[in-house]
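Numbering (full-length UniProt numbering), first residue to last: 1 to 214.
Below is the structure:
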């Protein structure tokens, strides 16, 4: 028993002297992976569990934090685009949430309804509270509110769209019709043609009124 205890003590002491080795909180360290000297810092406990050294864990967490910071900075740049400064569903200013698979920004009220629809259609993240991946930011940059709405609202009468003061019931009815039922989804060219026709009609009406007045 004395020899076994002594051997255990020597093994634990040897492990503790390895560069970057982790204190295994009382577990008996038997061996390293053979790459400790090269900076791996993996120690195998008697139970077979592997522990990474603190130095390695810190390096990994630092890399992740750096990537998250880059993604956050890139997202903020996309948010500042004029088309993304208003909720894609109700027009509320400075939306702080986004559907990172659909590529559009929205307000907190509309985001709650998106969540209730389900991730099989729309996946929601807070622009400021959640951690973002660069791949999601790339979707936001490639799509954005204008392009997204050109598809999802291609056949929508603009007068039917909710306003910032819309009730939750009005928002839910609209958002479910827009994304879940894809009621107004179509070719983006339809939306462009509709806008052009509306602008032409407004211009014609204005000109006619001025002529009549003269």
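Every residue gets a Cβ at the ideal spot worked out from N, C-alpha and C, and that includes glycine.
Here the structure is a predicted model, which means the values were calculated and not measured.
Restricting to runs no shorter than 3 residues, where is the beta strand (DSSP E) found entirely within the UniProt domain "Arf-GAP" (72 to 194)? As for any beta strand (DSSP E) of minimum length 3 sitting wholly inside the UniProt domain "Arf-GAP" (72 to 194), the runs are 97 to 99, 104 to 106 and 124 to 126, ordered along the chain.
Our contact map puts residue 76 next to residue 134 with C-beta atoms below 8 Å; I'd like the distance itself, whole angstroms only. Beta-carbon to beta-carbon, residue 76 and residue 134 are separated by about 13 Å, too far to satisfy the 8 Å threshold.
Look at residue 137 and residue 74 and say whether their C-beta atoms are less than 7 Å apart. Taking 7 Å as the Cβ cut-off, residue 137 and residue 74 qualify as a contacting pair.
Could you tell me the alpha carbon to alpha carbon distance between residue 129 and residue 200, rounded to whole angstroms? Answer to the nearest angstrom: the Cα atoms are 43 Å apart.
Give me the Cα-Cα distance between residue 237 and residue 83, rounded to the nearest whole angstrom. It is not possible to answer for residue 237, since the shown part of the chain is limited to 1 through 214.
Option nearest residue 102 by Cα separation, candidates 119, 92 and 112: Looking at the Cα atoms, 119 is the closest of the given residues.
Whole angstroms are fine: how far does the CA of residue 193 sit from the CA of residue 178? The alpha-carbon atoms of residue 178 and residue 193 are separated by roughly 19 Å.
State yes or no: is the C-beta of residue 188 within less than 7 Å of the C-beta of residue 92? Contact: no.
Excluding sequence positions up to five away, which residues of its chain have a Cβ less than 6 Å from the Cβ of residue 215? Summary: the structure shown does not reach residue 215, with the chain confined to residues 1 through 214, and so no result is reported for it.
Could you compute how far the alpha carbon of residue 104 sits from the alpha carbon of residue 144? Taking the straight line joining both Cα atoms gives about 5 Å.
Beta-carbon proximity check, residue 94 vs residue 175, cutoff 7 Å: No, the Cβ-Cβ distance between residue 94 and residue 175 is not below 7 Å.
Going by other Cβ atoms of all chains shown within 10 Å of its Cβ, with 16 needed for buried, is residue 166 buried or exposed? It counts as buried.
Would you mind stating whether residue 132 and residue 185 have Cβ atoms separated by less than 7 Å? No, Cβ-Cβ distance for residue 132 and residue 185 is not below 7 Å.
State the Cα-Cα distance for the pair residue 195 and residue 121, rounded to the nearest angstrom. Approximately 27 Å between the Cα atoms of the pair.
Classify residue 162 as buried or exposed, calling it buried when 16 or more other Cβ atoms lie within 10 Å of its own Cβ. Classification of residue 162: buried, given that the 10 Å Cβ count is 16 or more.
Under 7 Å between C-beta atoms of residue 180 and residue 154: The beta carbons of residue 180 and residue 154 sit no closer together than 7 Å.
Rank 160, 168, 127 and 149 by C-alpha distance to the C-alpha of residue 72 and give the top, closest one. Considering only alpha carbons, the answer is 127.
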